[in-house]
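Chains A and X supply the protein sequences, listed in that same order.
For the first sequence, the tail end lands on 582 under our numbering, and the numbers increase by one without skipping.
For the second sequence, the tail end lands on 117 under our numbering, and the numbers increase by one without skipping.
Ideal placement from N, C-alpha and C gives every residue a C-beta, glycine not left out.
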Amino acid sequence: GQNIDQPTEMTATEGAIVQINCTYQTSGFNGLFWYQQHAGEAPTFLSYNVLDGLEEKGRFSSFLSRSKGYSYLLLKELQMKDSASYLCAVVNSGGYQKVTFGTGTKLQVIP
Amino acid sequence: DAGVIQSPRHEVTEMGQEVTLRCKPISGHNSLFWYRQTMMRGLELLIYFNNNVPIDDSGMPEDRFSAKMPNASFSTLKIQPSEPRDSAVYFCASSPSSGRVYEQYFGPGTRLTVT
């Protein structure tokens, strides 16, 4: 089975940096990804990590440590529009690549 | 390009009624997913189709739920009979191939309320 843990809520200030952590336990691992979901909207794909290390995409970066079962999403130069839920999800290995989502971290950016 | 299309966007029904949700995946995508999202449980995978064949339906709550994919461009999720605890947002998502399941494109969702 798989278990994914993220903080439920976070608050950060516009212009600042925020790190959203995700820990996971899985019987087989084949990658971790992050989705962004604004209130009332569908999730949209942000990033995918399959190897250890940091992946950078503009203001967003995602880090993975497979040995620690740990990932984080780093958001720099926060903007008000970054207020959203951020979902961590794990792809398992095996017969088919099953995706399991965490419950998400609701980020509120304040002025 | 059209994304994933879902209908209806909102559905309000009474307990015991049948509900049918519809999804049209992105053309050319061969993997399709149905999810249910609630505040308490987050985003839960209900069923996954690959090339129109159900691969994993372990997330389907019980016999009241059924899903079909008669062709590559259409899928349905049916709840019969519906219950108040089925109230949630139901998302359909598609991905280009079974090897890229991390790259899922979600539809706008159907918000279901069962009274």
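Would you say the region 23–30 of chain X touches the region 64–82 of chain X, given that touching needs at least three Cβ pairs under 8 Å? By the C-beta criterion, the region 23–30 of chain X is judged to be in contact with the region 64–82 of chain X, since at least 3 inter-stretch pairs fall below 8 Å.
Name the DSSP beta bridge partners of M481/A, please? Looking at the DSSP output, M481/A bridges to L578/A.
Residues near A90/X in its chain [Cβ-Cβ closer than 7 Å; skip 5 each side]: Taken in chain order, the residues that qualify are R38, Q39, T40 and L114.
Separation of S84/X from G540/A, as counted between CA atoms: Near 39 Å, if we compare the C-alpha coordinates of S84/X and G540/A.
Name the chain A residues whose beta carbon is nearer than 8 Å to that of S100/X? For S100/X, the chain A residues whose Cβ falls inside 8 Å of its Cβ are Y567 and Q568, in order along the chain.
Is any beta-carbon of chain X found at less than 9 Å from that of E526/A? Judged by the 9 Å Cβ criterion, E526/A is not in contact with chain X.
When Cβ atoms are compared, which residues of the region 53–82 of chain X fall closer than 8 Å to chain A? Here the close residues are I57 and D58.
Under 7 Å between beta-carbons, which chain A residues line up against P27/X? List them in chain order, please. By Cβ distance, chain A contributes nothing, its closest Cβ being about 13 Å from P27/X, past 7 Å.
Taking G499/A as the query, report the chain X residues whose CB atoms sit under 9 Å from its CB, ordered along the chain. Neighbours of G499/A on chain X: none; closest Cβ ~14 Å, over 9 Å.
Using a C-beta to C-beta distance shorter than 7 Å, which residues of chain X count as neighbours of A513/A? Per Cβ cutoff of 7 Å: F93, F108, G109, P110 and G111.
Closer than 8 Å is the cut-off here; do at least three beta carbon pairs connect the region 51–69 of chain X with the region 5–18 of chain X? The region 51–69 of chain X vs the region 5–18 of chain X: no contact.
So, with DSSP's three-state summary, where would you put D59/X? In the structure shown, D59/X sits in coil (DSSP, three-state: anything other than H, G, I, E or B).
Among G111/X, V116/X, F35/X and N32/X, nearest to I81/X - alpha-carbon criterion: Taking each of G111/X, V116/X, F35/X and N32/X in turn and checking the Cα distance to I81/X, the smallest one comes out for V116/X.
With DSSP as the reference, label S89/X as helix, strand or coil. Note: S89/X maps to coil in three-state DSSP.
Using the beta-carbon of each residue, which ones in chain X are nearer than 9 Å to G573/A? Chain X residues near G573/A: G44 and L45.
Reference V580/A, options P514/A, W505/A and E548/A, closest by Cα: It is E548/A.
Exposure label - L525/A; buried when at least 16 CB within 10 Å: It is exposed - the Cβ of L525/A has fewer than 16 other Cβ atoms within 10 Å.
Of all the CB atoms in chain X, is at least one closer than 9 Å to the CB of V489/A? It does not; no Cβ of chain X falls within 9 Å.
Suppose contacts are defined by Cβ-Cβ distances below 9 Å. Is Q550/A in contact with N501/A by that definition? With respect to the 9 Å criterion, Q550/A and N501/A are not classified as neighbours on the basis of their beta carbons.
Span of the beta strand (DSSP E) around I28/X: Premise fails: I28/X is in no beta strand (DSSP E) and is neither H nor E.
Please tell me whether F531/A has its Cβ less than 9 Å away from any Cβ of chain D. Here chain D cannot be found, since the structure's protein chains are A and X.
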